[in-house]
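Numbering (the working numbering), first residue to last: 1 to 243. Below you'll find the structure, written out as structure tokens, and then a few comments.
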Ligand SMILES: C[S@@+](CC[C@H](N)C(=O)[O-])C[C@H]1O[C@@H](n2cnc3c(N)ncnc32)[C@H](O)[C@@H]1O
Ligand SMILES: [Zn+2]
């Protein structure tokens, strides 16, 4: 049984410059679910233990979660990137037609709609007039793409975009509360402050720390609850009122 789904209105074929691709073999109306990804969900550390080819046939579905694609290529894996796509993300693991697609057209989505890290970066061969040349894991941050593809980004990227808009510096009052509550319950106190500066009102302490732009050794000390690392984070937030 296949791990991935490809609509019966398309089939996989070799495509110049990009390995295999999926092509419409029947008209595909706008709104059709053209592909769904299955596979094993892994965090980045476990995902990186697999080879690059398999990783490239996988999909990122959350900040630190990747659906590892099948060992052997399946038609549902073969939706290529285009800088002028006809499909978009209809969910974290689902590709949907953004417009009517005619027989013979290649099914494509913009990988900026799904990728939020550097696991699958490459030089683009889409040859569209607006080709951006290189496809990277930070393309989702481009405001031109966010506007052009609004409504077709993976939910975790939409959450990131909202967080960027909701984040703010701590006020004097926020800092007072942080410093007054730090001794009693440092994790709760830092969680409250980090939720404000990262614009994520519902995230856990671990998620907030993993998203904080601090160096790796400091981060692991904070997650392990080491008093010196927690104090250093509180002092930083006190002095900078953010990052
Ligand atoms: C999910 S796979 C798509 C199927 C792939 N073409 C194959 O043959 O298995 C993603 C990989 O396809 C290639 N690819 C997809 N779109 C491309 C593009 N526009 N230009 C060049 N390579 C592309 C890249 O190697 C990328 O890592
Ligand atoms: Zn391109």
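In this text, a Cβ means the ideal position worked out from N, Cα and C, and glycines have one as well.
Return yes when the Cβ of residue 209 is within less than 9 Å of the Cβ of residue 193, no when it is not.
no
Is it true that the CB of residue 170 sits closer than 9 Å to the CB of residue 135?
no
Which of the three DSSP states is assigned to residue 72 in this structure?
coil
Residues bridged to residue 152 by DSSP?
Residue 152 pairs with nothing; no bridge assigned.
Taking DSSP as the reference, what is the three-state secondary structure of residue 182?
coil
Take residue 10 as the anchor and find which of 99, 107 and 85 has the nearest alpha-carbon.
107
Can you tell me whether residue 153 is buried or exposed, with buried defined as 16 or more other CB within 10 angstroms of its CB?
buried
Use the C-beta contact count for residue 87: other C-beta atoms within 10 angstroms, 16 or more gives buried, fewer gives exposed.
buried
Name the residue from 70, 74 and 59 whose alpha carbon lies nearest to the alpha carbon of residue 81.
59
Flag this pair as touching only if the stretch 50-70 and the stretch 146-160 have three or more C-beta atom pairs under 8 Å; answer yes or no.
yes
With distances taken from CA atoms, which of 39, 211, 214 and 232 is nearest residue 1?
39
Determine the contact status of residue 120 and residue 56, defining contact as a CB-CB distance below 9 Å.
yes
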